[in-house]
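Enquirer: According to our numbering, the sequence shown is numbered sequentially starting from 14.
Quick reminder that beta carbons are idealized off the backbone N, C-alpha and C, glycines included.
In this text, all values refer to a predicted model and were calculated from it rather than measured experimentally.
I have a structure I would like to understand better, so I am pasting it below and will then ask my questions one at a time.
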Amino acid sequence: MERILVVDDEIAICDYLIDFLTLKGYEVYTASDGYTAIHMVKKLSPHLVLLDIVMPGMSGMKVLKEIKRLSPKIKVIMITASPDQGVIEESTDSGAYNYITKPMNLNHVENAVTFAIQN
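As structure tokens, then:
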């Protein structure tokens, strides 16, 4: 079973994604900040990380770079409320596999997750 780590400081988003992704057959974990996310990446070695860009403490961009440094093969899909082209390019240049915009469309989430895990 594929492990997915959802990283977002909004608990409602984490709960929403846990429910949806668990129903789709994934083993889902959450972290509400970047430091916890990095610890969980080391501990769980997830197949995929869904990572919010804007979080207090450590930004999603810094977390992305650290995940890629620790384990370059882990795919990371960035979550953003404002799809600024500069931020999207920076995340892609830093190793992000894809991005999802808020508010989230569950069909888009499912397609992005499925594609990332199968490729």
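According to DSSP, is residue 28 helix, strand or coil?
Expert: Reduced to three states, the DSSP call for residue 28 is helix.
Enquirer: Assign residue 140 to buried or exposed, taking buried as 16 or more other Cβ atoms, counted over all protein chains shown, within 10 Å of its Cβ.
Expert: An answer regarding residue 140 cannot be provided, because it is not within the stretch 14 to 132 covered by the chain.
Enquirer: Would DSSP call residue 91 helix, strand or coil?
Expert: Of the three classes helix, strand and coil, the one that applies to residue 91 here is strand, per DSSP.
Enquirer: Roughly how many angstroms separate the alpha carbons of residue 48 and residue 62, rounded to a whole number?
Expert: Looking at the two C-alpha atoms, the distance is approximately 14 Å.
Enquirer: From the DSSP secondary-structure annotation, give me the bridge partner or partners of residue 79.
Expert: Residue 79 is not bridged to any residue.
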